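Residue numbers (our numbering), protein chains in the order written: chain B, 80 to 422; chain F, 80 to 422.
For each residue, glycine too, the CB sits at the ideal point set by N, CA and C.
Because the structure is a prediction, the values reported are computed rather than measured.
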């Protein structure tokens with residue numbers, strides 16, 4: 080490895096793209112009820128990971144940020160802005176349960192006389208060996224699991240106070256701890272959103288890349304030739320990411336192994352007499368397959384790029400664009416037949 | 080499709096195998112506390128799926144097995160023998176939460192004035208769109224979720240009675256319903272266990288196929304040339320199975336795309352003078368790579384099959400088998416160096 084390499088840009092032509100853009104954590108500053116990033120000893124799980132690392136800022140000794148003391152009690156908070164449609168996101172971030180349990184175990188290994196508390200709504204350990212890991216955390220490491228999401232976290236002298244309710248006992252909780260580790264929701268990274276826009280990929284409302292079919296075609300983006308791996312699609316752990324990445328590779332190989340690419344015969348066609356060159360179709364096309372000819376002022380279709388999605392036909396105000404082999408009258412005939420009453 | 084085809088056996092030579100043996104449900108007869116399969120209106124989720132199917136025995140009308148009546152109340156029980164190390168299995172079966180929620184929604188669509196109750200420990204909806212689906216079940220379909228695993232299920236007249244505790248309110252529950260749908264734990268199918276034995280694959284204590292590394296090599300079985308897809312590895316849903324199957328395909332392509340297969344230079348070697356032909360090595364080898372020559376009474380290694388795992392060397396009572404390029408004295412030298420005290 081040549082460490083003297085600086086960043087550089089290179090233009091390369093490719094036949095396929097695998098989008099593997101990963102994630103960011105929901106920023107602490109946007110979580111006011113837990114201190115909004117202002118309480119030094121309330122950190123996120125990635126920051127805690129650094130405190131655990133031998134190559135990290137504390138040389139692997141867990142020290143809390145405010146005064147460098149070894150924290151004798153730590154609260155781990157699952158479900159921060161995940162499954163919280165009122166303040167955050169509706170979805171589950173998928174891996175927080177497992178990595179927070181791991182971090183709690185590592186904390187207890189580092190500070191054996193320390194106390195670890197885990198606040199959760201549901202514990203999600205569906206994966207090979209995951210339940211066993213969670214069992215170990217409770218049995219061997221004496222980590223206290225409390226069902227209930229903290230309502231507030233505040234500074235209290237040199238302690239951090241966690242307010243909440245134990246929903247199993249019904250007791251209200253005010254717990255003073257030395258440090259709090261949050262597992263904020265996973266969100267698509269901002270740079271990913273830029274790339275996704277550039278690739279004209281379809282996404283869901285949160286910015287995760289949309290697949291062609293969640294169950295049957297989870298590896299293919301809506302744009303052909305583009306495949307998805309890892310958290311770009313939605314939060315998933317390393318096991319699932321590695322398996323999916325191999326799957327995406329096989330889809331690329333499949334694409335490249337064909338001597339010719341067979342296309343669906345349904346592609347857009349422009350009636351030049353009707354086309355006013357308004358350009359609505361050009362804006363609607365995700366594949367850059369239809370463009371207004373600047374001289375003729377008439378839209379023209381690049382048959383090799385067209386995916387036959389019909390967005391241009393729907394956008395065309397004059398009906399000049401239709402899909403070859405799938406004209407409106409064909410569609411109407413199908414509707415008539417489907418709704419015909421039989422005796 | 081030629082439906083007149085009968086079953087037939089064919090011997091084919093292959094260069095790689097993808098093990099995709101699926102699963103069975105934990106049998107109702109082994110669940111005495113829920114009636115042990117003796118209560119006709121306590122069925123498992125697969126049987127309920129058939130009741131929902133338009134091509135099923137009831138033509139898609141949900142009718143309970145005992146008397147064919149349309150059930151006006153149904154209890155759906157998550158976590159039957161999953162995460163229950165005392166009576167069943169420690170692991171989580173991964174998909175029950177989602178398919179039981181689906182079945183409850185389909186029941187409510189089929190019987191809009193029916194009541195659906197869902198008994199759970201943790202709700203596990205970590206997957207794209209899964210939490211949204213669960214939300215819909217609660218909001219739009221009015222399915223009542225009760226946190227607590229039923230203790231017993233008994234026949235009560237023409238009703239089925241579910242005994243349990245709501246662990247959130249602390250209330251004990253005796254609920255009379257027309258039918259109960261259980262989600263028993265997923266277990267490897269018996270035929271899979273036979274095949275796995277034949278392929279000499281490593282498995283975990285439950286019979287799920289062991290992968291080379293859960294995070295980094297989840298697609299490769301411990302025996303090279305054999306890959307894993309789907310629930311053969313551990314319970315996973317359709318999305319993950321499809322992604323993993325594509326991944327397994329790419330591993331096969333990777334294997335086949337090489338003009339020559341490169342092997343590790345560490346393979347077993349037999350010192351013929353020391354070998355007593357006891358055959359312990361033969362029994363220990365997972366790859367059938369070492370065999371006692373019946374004439375010479377000395378073990379011989381098939382270098383092409385040997386994976387260099389060292390099982391034979393460990394099993395050899397006389398020390399006649401060692402690994403080429405990884406002799407015992409090399410290993411000892413490494414231990415000495417690793418434990419040497421530096422000044």
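Residue j beta carbon less than 9 Å from that of residue i
| i | j | result |
| --- | --- | --- |
| residue 360 of chain B | residue 388 of chain B | no |
| residue 102 of chain F | residue 327 of chain F | no |
| residue 412 of chain B | residue 385 of chain B | no |
| residue 258 of chain F | residue 104 of chain F | no |
| residue 196 of chain B | residue 233 of chain B | no |
| residue 131 of chain B | residue 220 of chain B | no |
| residue 226 of chain F | residue 112 of chain F | no |
| residue 156 of chain B | residue 261 of chain B | yes |
| residue 200 of chain B | residue 160 of chain B | no |
| residue 93 of chain F | residue 306 of chain F | no |
Interface flag, residue i vs chain B, CB-CB below 9 Å
| i | result |
| --- | --- |
| residue 319 of chain F | yes |
| residue 393 of chain F | no |
| residue 170 of chain F | yes |
| residue 205 of chain F | yes |
| residue 128 of chain F | no |
| residue 152 of chain F | no |
| residue 162 of chain F | yes |
| residue 249 of chain F | yes |
| residue 214 of chain F | yes |
| residue 293 of chain F | yes |
| residue 287 of chain F | yes |
| residue 100 of chain F | no |
Neighbour-count burial assignment, residue i, 16 or more Cβ in a 10 Å radius
| i | result |
| --- | --- |
| residue 205 of chain B | buried |
| residue 124 of chain B | buried |
| residue 215 of chain B | exposed |
| residue 421 of chain F | exposed |
| residue 484 of chain B | Limits of chain B in this structure are 80 at one end and 422 at the other, which puts residue 484 of chain B out of reach. |
| residue 353 of chain F | exposed |
| residue 342 of chain B | exposed |
| residue 308 of chain F | buried |
| residue 100 of chain F | buried |
| residue 256 of chain B | buried |
| residue 108 of chain B | exposed |
| residue 248 of chain F | exposed |
| residue 382 of chain F | exposed |
| residue 85 of chain B | exposed |
Endpoints, the beta strand (DSSP E) within which residue i is located
| i | result |
| --- | --- |
| residue 137 of chain B | Residue 137 of chain B -> no beta strand (DSSP E), and no H or E assigned at all. |
| residue 254 of chain B | 251-256 |
| residue 89 of chain F | It is not in any beta strand (DSSP E) - residue 89 of chain F carries neither H nor E in the DSSP assignment. |
| residue 244 of chain F | 238-244 |
| residue 234 of chain F | 231-235 |
| residue 349 of chain B | 347-349 |
Residue i at chain F interface by Cβ criterion, 9 Å
| i | result |
| --- | --- |
| residue 303 of chain B | no |
| residue 202 of chain B | yes |
| residue 324 of chain B | yes |
| residue 268 of chain B | no |
| residue 197 of chain B | no |
| residue 367 of chain B | no |
| residue 297 of chain B | yes |
| residue 158 of chain B | no |
| residue 271 of chain B | no |
| residue 243 of chain B | no |
Sheet register partners of residue i (DSSP bridge)
| i | result |
| --- | --- |
| residue 195 of chain F | F:153 |
| residue 166 of chain B | DSSP, once it has assigned bridges, lists no residue as partnering residue 166 of chain B. |
| residue 103 of chain F | F:266 |
| residue 405 of chain F | F:402 |
| residue 377 of chain B | Answer by DSSP bridge pairing: none, since residue 377 of chain B is not bridged. |
| residue 225 of chain F | F:198 |
| residue 305 of chain B | B:96 |
| residue 299 of chain F | F:306 |
| residue 261 of chain B | B:123 and B:156 |
Element boundaries [alpha helix (DSSP H), containing residue i]
| i | result |
| --- | --- |
| residue 318 of chain B | 317-335 |
| residue 129 of chain B | 124-131 |
| residue 212 of chain F | 209-218 |
| residue 145 of chain B | No alpha helix (DSSP H) contains residue 145 of chain B, which DSSP labels as neither H nor E. |
| residue 179 of chain F | 175-189 |
| residue 294 of chain B | Careful: residue 294 of chain B lies outside any alpha helix (DSSP H) and carries neither H nor E. |
| residue 370 of chain B | Segment 369-371 is the beta strand (DSSP E) holding residue 370 of chain B; no alpha helix (DSSP H) there. |
| residue 388 of chain B | Here residue 388 of chain B belongs to no alpha helix (DSSP H), and DSSP marks it neither H nor E. |
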